[in-house]
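Taking UniProt numbering, the leading residue of the sequence shown gets 1, the next gets one more, and so forth. To start, the structure itself, in structure tokens.
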Amino acid sequence: KMVSCLGASCDLAGGWLPPDRSSSCPGGEVWTNTEGCTQCSPGDFATAAMLACAACGAGGFSNFSGADACQPCAPGFFAANTGATACAACGQGEYLETSSGTACLKCPAGTFSEAAGLTQCAECPPGRSSDFEGTSSARMCSCRPETRLEEEECVPCADTEVCEGGRVVATRPSAKQWLELVEQMSLLEAQGETMARLFLQIAAGIQVNSSKASLLDLMDVYNSSLFSITFGDSANNIPAPTSPEVQDALEGALSVWLPLRSLLADNVDTVRTDGVDTSVVGAVTDSSSALYYKVDAAWKALVDDADEAGAKLNGLAVNIAERQRILIQRMCKDVLLVAHAVSLDYSFANLQSVVGLYEESGEGIVFGIRAAGVPELTDMCTMHQMREVSFYYQQVRPFMREVLNAQSSFEASEIASAVVGDVVRFVDPLYAAMVAAAHLYLNSSSASCDPLVTTTWNEWRALSLGICDTRIGLQRSLRFFMQIANGLAVQESKVELTVVVAKQTQLMRDLVTGNKMDDMPAPVTQKIMDKVIHAREAWSNLADGLDEAIQQDELPKVDVLRGLLLGNVLFEDLMDAMELFVAEAAVATVQSRILDLTHRQQFRFHQLPVKAYQILLGIHVEEAWRDLNATVTSFRQMRRDLVLGAPGSVMELKPVTNVCIARMMSKVFDTWYELEQACYAVARGDGSKVREINLLSSRGHSDMEAPSHGLERFYEGQWEVCENLTLGVADWTLLMAEVTRLAQLSQRVMSSMVAAQEGLDGDLTVSLAELRASLERLILGFPNMVPVQPTQALFRRILDVAAPAVDALASAVAEGAVARAQSRAGELLEVARALLRVYTGEGLQQEPSWPGQRVQLAMWQSVLAQKLAKEAVISVYNVATLGANMDATIRDFETAQSQLRDGGGDVPNGIVPERDDLLPD
1 KMVSCLGASC
11 DLAGGWLPPD
21 RSSSCPGGEV
31 WTNTEGCTQC
41 SPGDFATAAM
51 LACAACGAGG
61 FSNFSGADAC
71 QPCAPGFFAA
81 NTGATACAAC
91 GQGEYLETSS
101 GTACLKCPAG
111 TFSEAAGLTQ
121 CAECPPGRSS
131 DFEGTSSARM
141 CSCRPETRLE
151 EEECVPCADT
161 EVCEGGRVVA
171 TRPSAKQWLE
181 LVEQMSLLEA
191 QGETMARLFL
201 QIAAGIQVNS
211 SKASLLDLMD
221 VYNSSLFSIT
231 FGDSANNIPA
241 PTSPEVQDAL
251 EGALSVWLPL
261 RSLLADNVDT
271 VRTDGVDTSV
281 VGAVTDSSSA
291 LYYKVDAAWK
301 ALVDDADEAG
311 AKLNGLAVNI
321 AERQRILIQR
331 MCKDVLLVAH
341 AVSLDYSFAN
351 LQSVVGLYEE
361 SGEGIVFGIR
371 AAGVPELTDM
381 CTMHQMREVS
391 FYYQQVRPFM
401 REVLNAQSSF
411 EASEIASAVV
421 GDVVRFVDPL
431 YAAMVAAAHL
441 YLNSSSASCD
451 PLVTTTWNEW
461 RALSLGICDT
471 RIGLQRSLRF
481 FMQIANGLAV
491 QESKVELTVV
501 VAKQTQLMRD
511 LVTGNKMDDM
521 PAPVTQKIMD
531 KVIHAREAWS
541 NLADGLDEAI
551 QQDELPKVDV
561 LRGLLLGNVL
571 FEDLMDAMEL
581 FVAEAAVATV
591 QSRILDLTHR
601 QQFRFHQLPV
611 KAYQILLGIH
621 VEEAWRDLNA
631 TVTSFRQMRR
641 DLVLGAPGSV
651 MELKPVTNVC
661 IARMMSKVFD
671 TWYELEQACY
681 AVARGDGSKV
691 REINLLSSRG
701 HSDMEAPSHG
711 LERFYEGQWE
721 VCENLTLGVA
731 DWTLLMAEVT
741 RLAQLSQRVM
751 SSMVAAQEGL
761 DGDLTVSLAE
771 LRASLERLIL
781 GFPNMVPVQP
791 TQALFRRILD
801 VAAPAVDALA
811 SAVAEGAVAR
821 AQSRAGELLE
831 VARALLRVYT
841 GEGLQQEPSW
851 PGQRVQLAMW
861 QSVLAQKLAK
871 EAVISVYNVA
881 TLGANMDATI
891 RDFETAQSQL
901 RDGGGDVPNG
911 IVPERDDLLP
921 D
């Protein structure tokens, strides 16, 4: 309706009817008196009941006029403020999984988003990652540590590359360069000492011309090397210093070196012009020491850098090995200073310190220093080189000891003046050997050597003997140990054990390191090396227990048992090492095996008493009895194999045809037989046999040396020569008795064979075994029963005639050929009869009054009796193929009986009436 106005104002409220119409405006509009129902603006909203438009809350929006409600922001979008007319998309590196968002989230580390409005972030490509939130591109996903980006992929960084954030930011030495740098730096230290030593040699007038030439050459080499390492040398693949610390130390070394270089060059020709210029000598010595400490600081900083870079330098062992080179030069330098009496007391004290440090360090890098974390040397090639080092130091050491044993520094100076020339002579090869060894310590993985190709037979033999001697030494030490444990000859045994332990310790050391002085190489394969190292560790543990036994008055059984167990472990290791050695000894397999077998006989002279003492002490008695009997059996069998041959053995042992060797072996067995009896007596409780055992063990061990050498020579095609033995009639009678027994057994074998053919138990196997045993006694001899053959001719007759006859009979029996066996038994009978006659004749030559023919006939009559028994068996079982010849045998027997009674034939006289008791009824 129309409203009135008064002046410039109008009453608009009265212009509309009704005066309040807000409830009638639709949603999205609100009432105003001036304009009525009016639409809300974008970003606002109003419901039908609202009096005024309201702004959309954060996380929502309205994008048109007249909105009755706000819309929520979709996932990936957000509205941070109220009154939004649109939602903003999440940016790159952000995401939002839910709706109505008021702010986006940053992509977590390891993910990224490259587009706007994303609800999730993507994982970084394989091999890549991000260390921060909000990564907006896959390119921003950096490579993992020690990798770099290449063609959109992360690839491993090279050893020489320093990578950060997927990029190469610097370079560093390669693994090989680290090794070379460390070695070059250490070599500089040693070369600095070498130059001082050469200058002192010139001053002393020792090898002046060669020392000058060497010094000048070394000065040039040193100068070039120091500059290359200090500033880098790309032409020689030497990188620049790896850190400021290394750089500073090297520059400090240069500041000392350049004046020293001038000092050396200016005085090398004049230091002896008017006598030794001790002031110059002192200046050179002081400057070289200062140079050493500067270079050493650089070396330590370089090693720290290498450790930080993860370079493998073999740790303390390498450090010590490299220090040994320096100590070698210092030893020689200090001897020269002592000889010149330069700062005499100080120089003498230095020499004592350096020699002690060198020897302790040398021991440590070979056998390890557990407390310091220095490992034991286990690389075969490096050990062979350390053998060379030890050899040359063994040449130098006596002179060093002579100087160090002086009662005063003045006396030391006089001695040093006398021996310094000898010291200088051996220092250069010692130093060169140690340089090569240090290189192998640093580069053991690349070491290459083949001792199997370079080892001579003398070295093979020395190593073989080394293993053999350690086995013997072990059993000797256990023998004395068990005597102490049993309270037998205790003081004597302790003295002996002390000596044996010291010797065995040195043997075990030489077995690992080799000993060039004795022609013994280090182990020739890595397998043997590993085995002997384990054996030395076992000996070390056992030696501790043996030393305790020497100190104690009484040994607990538990300590004895531990000693025996450790001894068994060591023994097995040594046996395994010997087997490995023999298997590899291609150029000397036979000789090595012979040494092995003969030395087994030697250690059994000590092993047998150990088992007896174990039984006496009551430790694992049943097992010890088995071992005792097995040792006896093994010794006897080995004796047979070594002389008679063993065609089926590992090395095809052949029969020995030399009576001298058989005679030696017989002597050994005589002692062994006595030892057997003594040990069985001890095992049964008779401890009084201990001194007898000690005597027999030592004698047998010693006696076995001769046949060992003889057999070795025999297999090399050489011949032992010895004089014929002169036997008395008693010994000839024993030989006659044995050949008679051989003849009897030939007939008993036939009787047993016929019985067996008829299905009866004729003890054929036993008879054959006794036949062979009889033959063995004729070849080998047997204590108190059969002497060994006195001449080569008789020995060969047994081997060439009797042995084949026995083999032929045994072969026919084995084949079941009765007729052939009967024939072979007859042949053996004739062989035995002929031998019986020979033995009789030899006895009569020795003693013509001896009734040898009567003895022979009486013995043969016993053979005829056995033959008659055989004929009876044949007759009883009517073996037609044999044709019993009983009548002829009876006639032979009766004829022999008549001759024995009345004389006749070869028997000159009958039995006198007073001795008719000798005749059978």
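Glycine included, C-beta positions come from ideal geometry on N, C-alpha and C. Because the structure is a prediction, the values reported are computed rather than measured.
When the Cβ atoms of the region 157-164 are set against those of the region 277-296, are three or more pairs found closer than 8 Å?
-> In short, these stretches do not touch, since the Cβ pair count stays below three.
What residue from PRO783, MET664, GLN856 has the CA that sits closest to VAL729's CA?
-> For the set PRO783, MET664, GLN856, the Cα lying nearest the Cα of VAL729 is the one of GLN856.
For ILE369, write down the residues that DSSP places opposite it in a beta bridge.
-> Note: ILE369 sits in a beta bridge opposite VAL374.
Out of ARG370, GLU554, GLY36, which has the shortest C-alpha to C-alpha gap to LYS494?
-> Its Cα nearest to that of LYS494, the residue GLU554 stands out among ARG370, GLU554, GLY36.
So VAL419 and PHE399 are in contact, right, with Cβ under 8 Å, and what is the actual spacing, rounded?
-> That belief holds up - the Cβ atoms of VAL419 and PHE399 are roughly 4 Å apart, short of 8 Å.
For the putative contact between ARG471 and PHE391, defined by C-beta atoms under 8 Å, what is the C-beta separation to the nearest angstrom?
-> Not really, about 25 Å apart at Cβ, beyond 8 Å.
Can at least three beta-carbon pairs, one atom from the region 723-741 and one from the region 833-847, be found at a separation below 8 Å?
-> Yes, since at least three Cβ pairs between the region 723-741 and the region 833-847 fall closer than 8 Å, the two stretches touch.
What separation, rounded to the nearest whole angstrom, lies between the Cα atoms of ASP892 and LEU771?
-> Near 24 Å, if we compare the C-alpha coordinates of LEU771 and ASP892.
Short Cβ contact (8 Å threshold) for MET520 with GLY466 = Yes, the Cβ-Cβ distance between MET520 and GLY466 is below 8 Å.
Look up TRP31 in the DSSP assignment and give the residues it is bridged to.
-> In the DSSP output, where bridge partners are listed per residue, TRP31 has CYS37.
In terms of DSSP beta bridges, what is GLN395 paired with?
-> Paired residue(s): none; GLN395 is not in a bridge.
Per DSSP, what kind of secondary structure is GLY717 in: helix, strand or coil?
-> It is coil, neither helix nor strand.
How big is the Cα-Cα spacing for ALA53 and GLY101?
-> Checking the sequence shown, residue 53 turns out to be Cys, not Ala. Their Cα atoms are separated by approximately 23 Å.
Would you kindly report the start and end of the unbroken alpha helix (DSSP H) that includes GLU114?
-> No alpha helix (DSSP H) holds GLU114; DSSP gives it neither H nor E.
Simplified DSSP state of ALA612, which is helix, strand or coil = Looking at ALA612 - three-state DSSP - the assignment turns out to be helix.
Are there 16 or more other CB atoms within 10 angstroms of the CB of ILE870, so buried, or fewer, so exposed?
-> Here residue 870 is Lys; the residue named in the question, Ile, does not match the sequence. That one is buried.
Name the residue from ILE320, ILE202, ALA49, LEU565 whose alpha carbon lies nearest to the alpha carbon of LYS333.
-> Taking only the C-alpha atoms, the option nearest LYS333 is ILE202.
Could you give the C-beta distance for ARG387 and GLU193, rounded to a whole number, given that I count them as a contact under 8 Å?
-> Rounded, the Cβ-Cβ distance is 24 Å, inconsistent with contact.
Note down the Cα distance separating residue 926 from GLY514, rounded to an integer number of angstroms.
-> Given a span of 1 to 921 for the chain in the structure shown, any question on residue 926 remains unanswerable.
Let me know the secondary structure DSSP gives TRP598 once reduced to three states.
-> The amino acid occupying residue 598 in the given sequence is Thr; Trp does not appear at that position. Of the three classes helix, strand and coil, the one that applies to THR598 here is helix, per DSSP.
With distances taken from CA atoms, which of VAL569, CYS73, VAL766, ALA805 is nearest GLU830?
-> Closest option to GLU830, Cα to Cα, is ALA805.
Would you identify the three-state DSSP class for GLN552, choosing helix, strand or coil?
-> Three-state result, GLN552: coil.
Classification of PHE64 by the beta-carbon crowding that lies within 10 angstroms, buried from 16 upward = By the neighbour-count criterion, in which a residue is buried when 16 or more other Cβ atoms sit within 10 angstroms of its Cβ, PHE64 is exposed.
Best match in GLN483, SER113, GLY252, LEU507 for proximity to SER688 [C-alpha to C-alpha] = Checked all of GLN483, SER113, GLY252, LEU507; the closest Cα to SER688 is GLN483.
Using only alpha-carbon positions, find the residue among THR32, ALA67, PHE61, THR34 that is nearest to THR47.
-> For THR47, the nearest C-alpha among the options comes from ALA67.
Closest by CA to VAL876, which one among LEU799, ALA773, ILE415, LEU760?
-> Here the closest residue by C-alpha is LEU760.
Report all residues from its chain with a CB closer than 6 Å to the CB of LEU725; omit the five preceding and five following residues, and keep chain order.
-> So the list reads PRO790, once near-sequence residues are dropped.
Decide if TRP672 is buried, meaning its Cβ has at least 16 other Cβ atoms within 10 Å, or exposed.
-> Burial is judged here by how many other beta carbons sit within 10 angstroms of a residue's own beta carbon; TRP672 has at least 16 and is buried.
Considering only residues of the region 302-377, which uninterrupted beta strand (DSSP E) runs meet the minimum length of 3 residues and lie entirely inside it, listed in chain order?
-> Listed in chain order, there is nothing to give.
Touching by the beta-carbon criterion (3+ pairs, under 8 Å), the region 505-513 and the region 532-539 = Flag = yes, the region 505-513 and the region 532-539 touch.
Return yes when the Cβ of ASN443 is within less than 8 Å of the Cβ of LEU179, no when it is not.
-> Yes, they are a contact pair.
Taking only the alpha-carbon atoms, compute the straight-line gap between SER262 and VAL501 and give it to the nearest angstrom.
-> Pairing SER262 with VAL501, the inter-Cα distance amounts to about 56 Å.
Apply the 10 Å Cβ neighbour rule to ILE528 and answer buried if 16 or more other Cβ atoms are within range, or exposed otherwise.
-> By the C-beta density criterion, ILE528 is buried, having at least 16 other C-beta atoms within 10 angstroms.
Cα separation between PHE348 and SER409?
-> Rounded to the nearest angstrom, the two C-alpha atoms are 6 Å apart.
Enclosing alpha helix (DSSP H) for ARG256 [first to last residue] = Before going on, a small fix: residue 256 reads as Val here, not Arg. Segment 244-267, the alpha helix (DSSP H) holding VAL256.
Closest by CA to SER343, which one among THR285, VAL303, CYS40?
-> It is THR285 whose Cα lies nearest to the Cα of SER343.
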